[in-house]
Every structure is written in structure tokens, then in C-alpha cells.
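Positions in the sequence shown are counted from 1; adding 175 to them yields the numbering used here.
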Amino acid sequence: MYAVIKTGGKQYRVQPGDVIVVEKLDGDVGSDVSFGDVLMLGGDKGVTLGAPLIAGAAVAATLVETRKGEKIKIFKKTRRQGYRRTNGHRQMETVLRITGIDGAGEKAKWDGETSLMTKAEMNLRARGLAPRVEETEVKAKPARSPKVIDEAPKTEAAAKPAAKKAAAPKAETTESKAAPAKKAPAKKADKAGDEA
């Protein structure tokens, strides 16, 4: 079953269990809210239209949170005049959980539990920054027992590869590592020295 309700100058199509965000409503967190402005109902018996409202129809909801919405930037500019103004605005809004619809001879109720967790807390949990209740209640796990090292004597077959690895290759002498000396180029004899 679904309904179309009017609140805050807007219309919303809702079903039991839906979470909607509407213009700010008065009330405390966890309080019950009822909407009498039902424009349309749809269910097993068909669609019922109001003219403009359906008499006796109501939608029940629980107020989850009242918060500020996303920031809207307002920027004004006049060309070639050096006029620029930037401003911002955050509209107040209310988060509701629809719990029931009643009207046109039909009823629908949501059986779930209404969580009053705020959006800010949900965002912190999603990033892993907020502590969870379950983590604080979890008991400490028992310490693991240390690994048992097998102290059995090694056989000769197992000892031989270790001995081969231990023997290092012969160390190179410093002479072989040094760069070979360059021979000085032979001086050409002077022509005068050859004649004499």
C-alpha cells in the first residue's frame, strides 16, 4: 500500500518503512507525526483519489532527526563593474520514517524497528571513525598458545644441505677487484732526435 501526502508545499509518495526528508517539522527526536493531507491512496482495492484530500485518511511517521541540509552557494556578479558576492545557505530539514498508512478501508503498518541514528553518526560509522556498541561489549579473546618447536635431532641427510650452504665461495682478492692500470701512451720520438 502507498500514499501521496502533502507537507511543506511538496508532495511525497510513501510506503510503510520508507525514510523521507521533508521541510522542517516541529517535534522531538522519536516523536510520532501524523499527516492528514493525503491526496491519493493505492492498495489491493485499487487507487483512491482525493478531491483534493481523502477524508479520514492518515499517514503515521516517526521523527528520526532534524538537521541542516546540504549547503547551497549563492553567487552574484555584475559584469565589468567589479561586483562579486558569494553567500551560502543550509535549509533545515526533518528525516521521517513512515510507520503506517490508514484510509479507504485499508491499513498498512511497518513492523520494523525505527533506528534514531543520525546521518552524521552513519557517516562516521561508514568511515570507521565512530565506536560501535558491539565492539565495546565483545569479550577479550583467549591468548593463543605459543607454537611448539620440534627439537628432534636432525638426520645426516638434512644436515648436509645446510653445510653446503654454509661454505661460502672463495673471496676475491683486492688485486683482482682493482681496475687494470692503463698504460701510458708511448711518446713519439722527435724528428730531431731520430736524426741525431
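C-beta atoms are modelled at their ideal positions from N, C-alpha and C, and glycine is treated no differently. Every value quoted in this text rests on a predicted model; they were computed, and no experiment measured them.
With which residues is M267 paired in a DSSP beta bridge? In DSSP, M267 forms a bridge with K243.
Roughly how many angstroms separate the alpha carbons of V313 and P306, rounded to a whole number? With a pLDDT of only 48 at V313, under the threshold of 50, the placement of this residue in the model should not be trusted; the figure read from the coordinates follows. Approximately 12 Å, taken between the alpha carbons.
Beta-ladder partner(s) of Q186, from DSSP: According to DSSP, Q186 bridges with K181.
On the DSSP bridge assignment, give the partners of L224 in chain order. Looking at the DSSP assignment, L224 forms a beta bridge with M215.
L238 in three-state terms, based on DSSP: Reduced to three states, the DSSP call for L238 is strand.
Looking only at its own chain, which residues have a Cβ that is under 7 Å from the Cβ of K181, when we skip the five neighbours before and after it? Cβ neighbours of K181 within its own chain (closer than 7 Å, five residues either side excluded): D212 and L214.
Quick one: what does DSSP say K282 is sitting in, helix, strand or coil? Strand.
Which listed residue (K294, A232, E281 and T274) has its alpha carbon closest to that of E288: Among K294, A232, E281 and T274, the Cα nearest to that of E288 is on T274.
Other residues of its chain near E268: CB distance less than 8 Å, five sequence neighbours each side excluded: V196, V197, E198, K199, T241, R242, K243 and G244.
Are V194 and A178 touching if we call contact CB-CB under 8 Å? Their beta carbons are not under 8 Å apart, which means V194 does not touch A178 by this criterion.
If we count the other Cβ atoms within 10 Å of its Cβ and call it buried at 16 or more, is P227 buried or exposed? Burial call: exposed.
DSSP-derived helix/strand/coil call for R272: It is a strand residue.
How is D193 classed by DSSP in three states: helix, strand or coil? In the structure shown, D193 falls within a coil segment according to DSSP collapsed to helix, strand and coil.
Identify, in the order they occur along the chain, each residue of the same chain with its Cβ nearer than 6 Å to the Cβ of Y187, setting aside the five sequence neighbours on each side. Cβ neighbours of Y187 beyond the five flanking positions: I180 and I195.
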